[in-house]
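Novice: Numbering (the working numbering), first residue to last: -6 to 507. Note that beta-carbon positions come from the ideal geometry of N, C-alpha and C, so glycine has one too. Model, not experiment: these values are computed from the prediction.
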C-alpha cells in the first residue's frame, strides 16, 4: 500500500467501488446489468489557439472524449475504466467537453441537453446499486457525441478564451456582474463571470446567479435548470473547473431569442417577474415559518388550472402573509406541475416538473432571503405559463391529481412491479392508479423508484428520461405526506415501460468488454 502513489490509490479505490463484483444481468428488473470495464492510452489533439483550455490534469481526457468517434467511444472509454480511470475524472471530462463544444443557443435546450443532463445522470448513478453506477455516465457520453455532431452541423461553436485584460478587480466583481446581467450585456457578463470564479466562493456564487436564474420564461425553465445542475456538478468534480462553466452559464442566462434587449423593452416572458419583485418585497417578516394547510394547496391547484400568472403570484403572496408555510406553497407547486403532466403528457409539462425541481433546489440552497421569496413566487407564476404553452400544443385534459384513485396490485413486490410498469405510458391512468395504490398501502417507494430507474438505464433514449426521472424521484422526498404519493404516481405518464424497446447501450457495453 505504501508503494502506491495517492493517484494510483484513488484510481484503484474508484475501480473497486464502481466495477467490482459485476456479473451478467439476469433480467431487466434484477441482477447486474454490465460486467467490468477497462483502459487505453490518453488521446492528445490540438485545439484552436483562441479556444478555452482546461487544467492540465483534465485536458487530455476532455480531448479524448471530443476527438474519439461516437461509434468507438464506449469501447475505448470502457478500456480506460477497466484499467482504473476514476469515475470523478470521467464525470468532469464529460461535463467540460460539453461546456467547451456545445453552444446554449439558439435556446438553452435541444442539443445543450447533453450538458444539462450530466448532473441528472450523476444523481441516478449515486442512487443505483454499485455495479450499475457507470451506466448513466456511459449513456451521457453517447448523448454528448450526438449533440456534438449537431453543434458541428450548426456552425461548430467552441468556447473562446476569456478576455484577460477586461476581467474586473475583486472589489468590482459583484457590482459588474449584477449590472451586466440586468442590462443583458453579454461581453461584460462573460468577463465578470470569470472574475466570480476567481474571487468568490461556491455559496456566494450560487446566491449571485440565483438572482437571475428564473427572471424570465424563455427556454421554459432551462436557465434555472442549468444553474442548479451545473452548481451541483461543480460540487462533485471540484470548483477548480468553475470558470468556463460560469462563463457558459452567464451566456445561457442572457439568451433572449433575438428579441430587443429585455432591459429596454416590455416583453411577455419578463412580465411576471415585475410583479414577483413587487410582491416579494411585501411578504411579512418571519415568512419562512408558517402552518401547513391542505386547503391552501387545493386553492392554489384550482388557480393553476384556470388562473393567470399574476393571480397565482397574488394568491401565494397572500397565503404567505396569512401565515401559510412556504412548504405548503411548494406542495402545491410540485403537485400542480405533476397534474399538468397528467393532463397532457409531453415535453412542456415535463419541463414544468424539471423546472420546479431546479427552482426548488435554488430556493433550498441560496442564502439570500429576498431571492428565496422571488424564486418561490416566480415558480408559482410559471405554472399557468406552462399550462398556456401546453394549450398551444394541443388538447389539455381535465384530469385532477387530487381525484386520483388507488388501484389494487399484487402483494408480491416483483409481481406488482410487473403489473405497474407494463402499463406505464401504454395505459398511464391505470398505471398511475396502481402506483398510487402500491404507495398508499405502505409498501414503500424504494422498490418502485429502483425499478423505474433501472428501466431508464435499459430503455431510456433521450436526455429527458434522465432529467425527468431524477427530478421526480428527488422531489418525492421533499413533498408533505398527504401529497407525495400522488406526485410520484404521476410518473406513470412519462417513465419507461417494460414494453419499450431496449436502447441497445447495455449490449454494446457488454460486447466492448467481453
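Would you tell me roughly how many angstroms separate the C-alpha atoms of residue 384 and residue 295, rounded to the nearest one?
Specialist: Those two C-alpha atoms are separated by around 17 Å.
Novice: What's the C-alpha gap between residue 154 and residue 403?
Specialist: So the alpha carbons of these two residues sit roughly 59 Å apart.
Novice: Using only CA atoms, which one of 421, 417, 136 and 400 lies nearest to residue 432?
Specialist: Selected option, being the one with the closest Cα: 400.
Novice: Quick check: the region 308 to 328 against the region 280 to 297, are there 3 or more CB pairs under 8 Å?
Specialist: In short, these stretches touch, since the Cβ pair count reaches three.
Novice: Excluding the 5 residues flanking residue 310 on each side, which residues of the same chain have their C-beta closer than 8 Å to its C-beta?
Specialist: Excluding positions up to five away in sequence, the list reads 272, 273, 275, 276 and 370.
Novice: Hey, residue 326 and residue 372: beta-carbon distance below 8 Å or not?
Specialist: In this structure, residue 372 lies closer than 8 Å to residue 326 by Cβ.
Novice: Kindly identify the DSSP beta-bridge partner or partners of residue 153.
Specialist: In DSSP, residue 153 forms a bridge with 44.
Novice: How is residue 98 classed by DSSP in three states: helix, strand or coil?
Specialist: DSSP places residue 98 in coil when its eight states are reduced to three.
Novice: Do the region 420 to 427 and the region 483 to 501 make contact, defined as three or more Cβ pairs closer than 8 Å?
Specialist: Enough Cβ pairs lie closer than 8 Å, so yes.
Novice: Could you check what DSSP says for residue 175 in three-state terms: helix, strand or coil?
Specialist: In this structure, residue 175 counts as helix in the three-state DSSP scheme.
Novice: Please name the residue in 416, 174 and 108 whose C-alpha comes closest to that of residue 457.
Specialist: Of the candidates 416, 174 and 108, the one whose C-alpha sits nearest the C-alpha of residue 457 is 108.
Novice: Report the three-state DSSP secondary structure of residue 317 (helix, strand or coil).
Specialist: Of the three classes helix, strand and coil, the one that applies to residue 317 here is strand, per DSSP.
Novice: Could you compute how far the alpha carbon of residue 388 sits from the alpha carbon of residue 337?
Specialist: Their Cα atoms are separated by approximately 7 Å.
Novice: Between the C-alpha atoms of residue 122 and residue 80, what's the straight-line distance to the nearest angstrom?
Specialist: Going from the Cα of residue 122 to the Cα of residue 80 covers about 15 Å.
Novice: Considering only residues of the region 348 to 405, which uninterrupted alpha helix (DSSP H) runs meet the minimum length of 4 residues and lie entirely inside it, listed in chain order?
Specialist: Those alpha helix (DSSP H) runs which fall completely within the region 348 to 405 and span 4+ residues are 362 to 384.
Novice: Anyone know if the C-beta pair for residue 292 and residue 308 falls short of 8 Å?
Specialist: Yes, they are a contact pair.
Novice: Confirm, please, whether the CB-CB distance from residue 285 to residue 226 is below 8 Å.
Specialist: For residue 226 and residue 285, no; Cβs fall outside 8 Å.
Novice: If residue 209 sits next to residue 132, beta carbons under 8 Å apart, how far is it from one beta carbon to the other, in whole angstroms?
Specialist: Rounded, the Cβ-Cβ distance is 31 Å, inconsistent with contact.
Novice: Which residues share a DSSP beta bridge with residue 284?
Specialist: In the DSSP output, where bridge partners are listed per residue, residue 284 has 317.
Novice: At the level of alpha carbons, what is the spacing between residue 263 and residue 362?
Specialist: Roughly 22 Å separates the two Cα atoms.
Novice: Locate the alpha helix (DSSP H) running through residue 132, then write down its first and last residues.
Specialist: Taken as a continuous stretch (DSSP letters only), the alpha helix (DSSP H) holding residue 132 covers 128 to 146.
Novice: How would you call residue 207, buried or exposed, if buried means at least 16 neighbouring beta carbons within 10 angstroms?
Specialist: Looking at its Cβ environment, which holds 16 or more other Cβ atoms inside 10 Å, residue 207 is buried.
Novice: Buried or exposed: which applies to residue -5, given that a residue is buried once 16 or more other Cβ atoms fall within 10 Å of its Cβ?
Specialist: For residue -5, the pLDDT reaches just 36, beneath the cut-off of 50, and the residue's location in the model is therefore unreliable, although a value from the coordinates is still provided. By the neighbour-count rule (16 or more Cβ atoms within 10 Å), residue -5 is not buried but exposed.
Novice: Leaving out the 5 sequence neighbours to the left and right, which residues in its chain are closer than 8 Å to residue 252 when beta-carbon positions are compared?
Specialist: The answer, listed in chain order, is 258 and 260.
Novice: Please tell me whether residue 438 and residue 481 are closer than 8 Å, where the distance is taken between their beta carbons.
Specialist: Yes, these two residues count as a Cβ contact at 8 Å.
Novice: Does the region 229 to 247 touch the region 88 to 98, meaning 3 or more C-beta pairs lie closer than 8 Å?
Specialist: Segments in contact, yes.
Novice: Confirm, please, whether the CB-CB distance from residue 345 to residue 376 is below 8 Å.
Specialist: In contact: residue 376 and residue 345 (Cβ atoms closer than 8 Å).
Novice: Quick one: give me the first and last residue of the alpha helix (DSSP H) that residue 463 is part of.
Specialist: Segment 456 to 468, the alpha helix (DSSP H) holding residue 463.
Novice: Check this for me: beta carbons of residue 145 and residue 161, under 8 Å apart or not?
Specialist: No, these two residues do not count as a Cβ contact at 8 Å.
Novice: What residues in its chain sit with their C-beta under 6 Å from that of residue 556, if we drop five residues either side in the sequence?
Specialist: Nothing about residue 556 can be read from this structure; the chain reaches only from -6 to 507.
Novice: Confirm, please, whether the CB-CB distance from residue 355 to residue 479 is below 8 Å.
Specialist: No.
Novice: Out of 130, 110, 88 and 84, point me to the one whose CA is closest to residue 499's CA.
Specialist: Checked all of 130, 110, 88 and 84; the closest Cα to residue 499 is 130.
Novice: Tell me the residue span of the alpha helix (DSSP H) that contains residue 238.
Specialist: 235 to 246 is the extent of the alpha helix (DSSP H) around residue 238.
Novice: Can you look up residue 159 in the DSSP assignment and give me helix, strand or coil?
Specialist: Residue 159: helix per DSSP, three-state reduction.
Novice: What residue range does the alpha helix (DSSP H) around residue 108 cover?
Specialist: Here the alpha helix (DSSP H) through residue 108 covers 106 to 109.
Novice: Mind checking residue 233: buried by the 16 CB within 10 Å criterion, or exposed?
Specialist: Exposed: under 16 other Cβ atoms inside 10 Å.
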